Each structure stands twice: as structure tokens, then as C-alpha cells.
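Asker: My structure is below; once you've seen it, I'll send some questions.
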Amino acid sequence: MQGFESRLSSKISWPLFFCFLVGCSEQKKVSISIKNSDPDLVSGMVVAPGIKEGKIIAPLEDAWRRIDPKEDGWDSEVFNEIATKKLKNLSKIMKESNLITEKDLQGIQGNDYTGNFLRPRVLEEVYRNDEFIVKKGNIEKGTKVQLKDSINDLLSIFDVSPQRIAFKLYRIDQKDSDIENNKDVFKGRVLVNISGSSAASLCQINSEWETLWTLSDESFKLNGINVLSYEQVARAETKKHKLFVDITSSVFGNDEAYRKQFLRSTDHWRSRIARDFGLDVVANHGIAFGDVNGDRLDDMYVCQQGGLPNRLFIRQTDGTLKDFTESSNTGWLDYCASALILDFDNDGDRDIAISQNFKILFMDNLGNAKFELALGLGTHAQTFSISAADYDNDGDLDIFLCGYNPPASLESESGVMGEPMPYHDAKNGGKNKMLRNDGDWNFTEVTEESGLNQNNDRFSFASSWHDYDRDGDLDLYVANDYGRNNLYQNNGGKFVDVAKELGVEDMSAGMSVSWGDYNRDGFPDLYVSNMFSSAGNRITYQRQFKSGVDSNLLSDFRRHARGNSLFQAVSGKSFKDVSEAVNVTMGRWAWGSRFADIDNDGWLDILVANGFITAPDSGDL
């Protein structure tokens, strides 16, 4: 089953993991009857030349074969492969046809299709500001409309073909088969996003459909659509332009590093640089902003894969960026995941801290963006991100290191092939590290004595400091992959993990955290980005998934695939999970998120950076 499992690192074969996830039940063939000649049925995995003739290592052979859901008894995923392909074909038709006809829908629509309009006749304006207008409505029941007519009506709000149409099938229910007519019946919930330009402005449709599919001896056909929700977002009539414009190429211009390095994919470099240099398929690398030369313009430091140098770009007065890597002495070639541009030695200029695999480096700014290595320290784990704050209120910046992968010497304790165990609540990750700044480039580890060693066994991705309880010292939230998060309450320099007590453990795939007062009640709220997995939502709701396990454990797996979380502060003393109530869970594969007032209306919005590995197989993007 592709997608839900693929967040595992490249060290483990995800087919083997899937066997663990679904319980390695007894093998069985699918029960739904599909002709082998059906062109919509994916017939196994495409592998490199020679693989099929080769012998797969014994423990993986069965798991490798069972990648194909037909071989493993997963009717719902067989249906998903076919229905997803049908929906992709439908989106292509909708973008390319000015007026859809019955002929266009051959192979997609069933003979017994019944449905209503896909767009409400009456829309109610629910929100308006200087930038956006949001309208919602309900579909009138009882009106029977042909599929071609309902689609043409839906697209009529755009003056040209939509720029983007996306369908995501995220929930599947297999109904009782229609034995009399030899038909298997499936229901599938589909998230719908359509965007383009209308006569008045730019417009986006966000909708959810419940689709009905039937299967005869030939193939699945779409035989009904029930619209569960409909939202229409448009730019205000006075705003004809997009809110954001991509200026990357103009900012970098003809910079050689941009053209020859940044525009190349990870796969490109993996085929040219030995893995021994630290090249990794996932490529968890961040950037840092800050003024390194005192001109009051923020500059940019880019962390890169092993074998490729980190890059320091100085911002010019015309807004462009110029590469100063060589002259600044900051072009580390080792695997570097994250960096901070801050004044660590209190001399008035900004230094650079860099997480470099199992080390933390401190680069002292000597003035005018010239750096030298001031200190390098080992860490307890491969560090994916770092954050800094004056936790002890002594006037200098201390630094917290998020440990992810444990050292190789400890991988034998980490379950199968050193991976997170159990997947949904792992406690075998690398240890975080707290360094107290004692001045003059002296840092002392205080992880244990500060209390930050409590529950310090997770796969930590990100951390953020904020005085959530407003007592004058900074508290720390840590977002952990594969399980529970931490909220360390600072009590005068001593920390206590209160995440469970305050209801913010958020047991999921934590990848980022952002503090902000979204409802303007004076108390900081908490937004955590996780993983919305359509595959996870489909699989974990099937009766055969983990059959017989405790209902709480089953809920934990479903929760893992739910998506992002918003915790509303309650008078600064506790938090309430309002994620689903305010509709902020669906951030896709959300690697990063941040509160920001993007439309200048005084209310904090949420920006989410999402996606997955860019490759020919875009399965769960």
C-alpha cells in the first residue's frame, strides 16, 4: 500500500513495514472479480531491469510480492487504484474540453448514473475582507442531472479552462454486492480542488464528494455523486492578481550555484555523488535568514546534502542574492540539516549555528560576513533541526538540538533495521540535547539537570519556544515523528513535560510547530503539522485492518493519518483540540507550517509547506 508507510526513512524497505502494519495476516487473493485484461487495473510494481529475474532476500520476498493489493486481499486498494485512474482521466477531460459530452465520459460513467448538481444554486457569503470572498452552499436534493451537465455547470464559473483540478480519494466503504446484477459496489469520499480565473477574479472551489462506483465483469464505473460540502473562494473584485508570485529565478538571476545545483534534483546528485558523502534520498535540509553583514537586509544560508557545499547568499539593495560562500568560509560539504543566524556571543553581529549530521557547529562572525569555526560539539543523535532561546534569562542565547536518528551503535535497540517501533508511538529515537550558553563560546550540556531528558526518546523533528503560561520564562514544544510530542513547561530554568496533562501530545507524525494567537483572545495557540495520508485514511478504516486489536490502538493508527492539529489555548492553563471543528487538518504531507497574517486583516492565517519526494511515482503527493 503506497503512501501511508512511505514516510519511513530510506534504511528500511516499506513493503516489509506494511506487513507489520497490517498484521501480516494470512495471504489471500482479492474477492472482487476483475478481468485481467482490464486496462485500469495496475498489475504490480514497475521495477528496474533485472529485478524480476533476481532473487529477493528471503525475509523481504513475500512482502515485495504483496505490494500488489490483488495479492494481499485488499479489495479496497484494488478499487482505489482503478478509481484514482478514472478520476485522473476525468480531471484531464475537465481541463481540456470546453464542453463535456457523453462521449467524453465513456469508460468513466456508468449506465445507471444518478446525481444532482455539483454546484449549489444558492451561495451564502460567509466571509469577506479586502483580499478574499468566501461563499458556501448546500446542494438541493431531488434534482436529477446527468454527469456531463453537472460538470459543465460546475466549470461555468471559470472564463477559461481551470488551471488546476485535483481529486484525492481518501475514504472507501465496500457496500454489499449487488448479487442479482453481478455488481460489486463501493463508496469513495473524494476531496476536490479546482482553481482558475473567472470573469471577475481568481477563484477556487473546495468540495467533498461521496462517489458511488459499481463493478461488473468489465471495470468500475462512476454511478453517482453526492456533494457533501461546497466552498467557493474568490479574490476580491479589486484584486485581479495572485496573492503570491514566484520570484525565485529573478532573485537568483544567473547565479551559478542556483543554476547548477539548486535546480538539480536529489536523484540527479544521487547518481553522481557517492552515498558515503552523506547523500540522502529524503533530503531534510533547511534554510536560515538573518543579517550577517550589518546592512539591515536579511541574508540567506542554505543547508545541503553531503557532497554539496552549504551556500551563503548576501542580499543586495536591488533585492537579488549574491553568493558569498567561498569568501565567508561557510561552505561545509558534510550533510547539514538546519541552521540559525543569531548573535550567540553578544558582540553585536550575527553568527551561524549549523546542525551537521551528529555534530553542532558554531561559526563566529568576524565582521562583514567573514566567519571562522568557534566551536564544534558532538550530539546524541542525528540532528534535524535546532532552536535557540534564553531559557534561563541570563542574557544570552542557549540552543536546543532535536535528535532524530540514534547513533549506529544504538540501532540494534531500535527494532527492525533500526526503525521506529512501534510505528505510531515510537520510543527508540535519538536523544535531544540542551546546551546552555556560558559565554565566550563555552556551551554546557544541561539536558538532564534542566529536566529536558524526560521523555527524551522520540524522533524529534522540530521545536519552538514560547511563554505559553505567561510566567516570564520560555517554555518549549517539541514535535516528534512517529508518536507523542512534548510540551516542556519552564519553571525557573527547570522543565517538566506537561503535554499529556494539557492534552497536546498529538500522537502523530509531528514535523513542525508554530505558536500564535489565532482567535485573538490574548493566549498563544499551537499549530502542529503532521501527515494527512489518503492511503492511511483508506486502509485504517477497513474491517480487515488490525482486526481484533484494541479499539484504542485502532484509533491511534487512524489518528496518525488524520493530519495537522490546532490546539486552542484555554485561559493559558490548558488546550482544546479544535482541529476538525475549524477545518485545518488537511495540510497534506505537511513538513512545515506557520501562523502569518498573509492578507493583512489582523487575523493570523496558516501557511503550510507540503509535498513528498518528487519522482515519476507521485502516489501520495
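Numbering-wise (numbering that gives the first Met the number 0), the sequence shown opens with residue 0 and increments by one.
No residue lacks a Cβ here, since even glycine has one placed at the ideal position from N, Cα and C.
In this text the structure is predicted, and so the values were computed from the model without any measurement.
1) Of the choices 94, 237, 538, whose alpha-carbon is the least far from that of residue 68?
2) Do you know offhand how far residue 392's Cα is from residue 379's?
3) Can you list, in chain order, the residues of its chain with a C-beta nearer than 6 Å to that of residue 559? Leave out the 5 residues immediately preceding and following it.
4) Compute the beta-carbon to beta-carbon distance between residue 211 and residue 186, rounded to the nearest angstrom, for a pair I have assumed lies under 8 Å.
5) Quick one, are the C-beta atoms of residue 230 and residue 192 less than 8 Å apart?
6) Does DSSP put residue 257 in a helix, a strand or coil?
7) Measuring CA to CA, which of 584, 371, 275, 337 is closest to residue 358?
8) Residue 400 lies in the beta strand (DSSP E); which residues open and close that run?
9) Taking all protein chains shown into account, decide if residue 128 is buried (16 or more other Cβ within 10 angstroms of its Cβ) or exposed.
10) For residue 432, report the span of its beta strand (DSSP E) as first-last.
11) In the DSSP assignment, find the alpha helix (DSSP H) that holds residue 284 and state where it starts and stops.
12) Hey, how far is the Cα of residue 137 from the Cα of residue 207?
13) Roughly how many angstroms separate the alpha carbons of residue 23 and residue 450, rounded to a whole number?
14) Just to check my reading of the structure: residue 300 and residue 340 have Cβ atoms closer than 8 Å, yes? What is that Cβ distance to the nearest angstrom?
15) What span of residues does the alpha helix (DSSP H) with residue 551 cover, start to end?
16) Secondary structure at residue 508, three-state DSSP: helix, strand or coil?
17) Between which two residues does the alpha helix (DSSP H) carrying residue 150 extend?
18) Mind checking whether residue 209 and residue 227 have CB atoms under 8 Å apart?
19) Taking Cβ positions, are residue 200 and residue 239 nearer each other than 8 Å?
20) Flag this pair as yes or no: are the beta carbons of residue 350 and residue 342 separated by less than 8 Å?
21) Within 10 angstroms of the Cβ of residue 311, are there 16 or more other Cβ atoms? Answer buried if so, exposed if not.
22) Going by beta carbon distance, what residues of the same chain come within less than 7 Å of residue 503, once the five residues before and after it are set aside?
23) From the DSSP output, in three-state form, read off residue 420 for me.
24) Only counting the same chain, and skipping five residues up and downstream in sequence, which positions put a Cβ closer than 8 Å to that of residue 555?
25) What is the rounded straight-line gap between the Cα of residue 602 and the Cα of residue 308?
26) Can you name, in chain order, every residue of its own chain whose Cβ lies under 6 Å from the Cβ of residue 265, other than the five neighbours on each side?
27) Where does residue 267 land, buried or exposed, given buried means 16+ other C-beta within 10 angstroms?
28) Note down, one range per segment and in chain order, each beta strand (DSSP E) of at least 3 residues found wholly within the stretch 171 to 250.
29) Mind checking whether residue 458 and residue 510 have CB atoms under 8 Å apart?
30) What residues in its chain sit with their C-beta under 6 Å from that of residue 367, if we drop five residues either side in the sequence?
31) Going by Cα to Cα distance, which pick from 381, 469, 473 is closest to residue 432?
32) Less than 8 Å separating the beta-carbons of residue 235 and residue 156?
33) Closest to residue 604 by C-alpha separation, out of 348, 576, 513, 97, would be which residue?
34) What number of angstroms, rounded off, separates the C-alpha of residue 622 from the C-alpha of residue 296?
35) Please check the pair residue 488 and residue 474, which I expect to be a contact at CB under 8 Å, by giving their CB distance rounded to whole angstroms.
Answerer: In this structure, then:
1) Closest option to residue 68, Cα to Cα, is 538.
2) 25 Å
3) Result list for residue 559: 423, 507, in chain order.
4) 6 Å
5) no
6) helix
7) When C-alpha distances from residue 358 are compared across 584, 371, 275, 337, the shortest belongs to 337.
8) For residue 400, the uninterrupted beta strand (DSSP E) segment begins and ends at 397 to 404.
9) exposed
10) 432 to 436
11) Note, residue 284: premise wrong, no alpha helix (DSSP H); not H, not E.
12) 12 Å
13) Low confidence applies to residue 23: its pLDDT is 43, below 50, so where it sits in the model is not reliable, and the reading given next is rough at best. Our two residues, residue 23 and residue 450, have alpha carbons roughly 40 Å apart in a direct line.
14) Right, their Cβ atoms sit about 6 Å apart.
15) 550 to 559
16) coil
17) 146 to 154
18) yes
19) yes
20) The Cβ atoms of residue 350 and residue 342 lie closer than 8 Å to each other.
21) buried
22) 484, 486, 525, 566, 574
23) coil
24) 423, 424, 506
25) 40 Å
26) 282
27) Exposed, because fewer than 16 other Cβ atoms sit within 10 Å of the Cβ of residue 267.
28) 183 to 196, 201 to 214, 219 to 234
29) Not closer than 8 Å, so no.
30) 292
31) 381
32) no
33) The residue from 348, 576, 513, 97 with its alpha-carbon nearest to that of residue 604 is 513.
34) Here the chain has residues from 0 to 620 only, and residue 622 is not among them.
35) Yes, residue 488 and residue 474 are in contact; Cβ-Cβ is about 5 Å, under 8 Å.
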